[in-house]
Amino acid sequence: MDVLVPVDGSDPSFRALDFGLDFAGRFDASLHVVHFSNQETEATETILERARARVGASELTDVPTVELVDLDIWTDAGVGKAIVDYTRDEGYDHVVMGHHGSGAVKRVILGSAAEAVVRANELPVTVVP
């Protein structure tokens, strides 16, 4: 099973990463951690370094990959759609993500990216509070 964990620097996204690491260990899954951004900045690198540190502290024998995925937010329908498209294109079986991201507007139950991925109804999604 191939599991995708998108991180955006928010606490919920890193709780999702911790859950994903545990999930991968329990179910012998391959874990892939990504950060979607339209440019590489110091903040982006900090997010990736933080994710790599968590991954490095895990006891998984199949070491997860952590990478930046280019996202043109001006021409795309948003991060949620980018995650859906990426999971489809790359053949992931499951997504583990935080319930809210780092966006300025907090949604009542789910953030817009999490809602878009859940509503796409293409594969199992675990939403972590």
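Numbering-wise, the sequence shown is residues 58 to 186 according to the working numbering.
For glycine and all other residues, C-beta sits at the position ideal for the given N, C-alpha and C.
Can you list, in chain order, the residues of its chain with a C-beta nearer than 8 Å to that of GLY82? Leave out the 5 residues immediately preceding and following it. Taking the first residue of the sequence shown as 1, we reach residue 82 at position 25. SER115, GLU116 and LEU117.
By Cβ distance below 6 Å, which residues in the same chain neighbour VAL126 in space, the five residues on each side in sequence not counted? Here the question's residue 126 lines up with position 69 in the sequence shown. Closer than 6 Å at Cβ, skipping near neighbours: VAL91 and PHE93.
Identify which residue in PRO186, ASP142 and HIS156 has its Cα closest to the Cα of GLU179. What you label residue 179 is simply residue 122 of the sequence shown in a count that begins at 1. That would be ASP142, whose Cα lies nearest to the Cα of GLU179.
Expected contact under 8 Å - CB spacing of VAL152 and VAL182 to nearest Å: Walking along the sequence shown from the start, residue 152 turns up at place 95. Walking along the sequence shown from the start, residue 182 turns up at place 125. That belief holds up - the Cβ atoms of VAL152 and VAL182 are roughly 5 Å apart, short of 8 Å.
Considering only their Cβ atoms, is the gap separating VAL136 from VAL123 smaller than 7 Å? As a working mapping, residue 123 is identified with position 66 in the sequence shown. As a working mapping, residue 136 is identified with position 79 in the sequence shown. It is not a contact, given that the beta carbons lie outside the stated cut-off.
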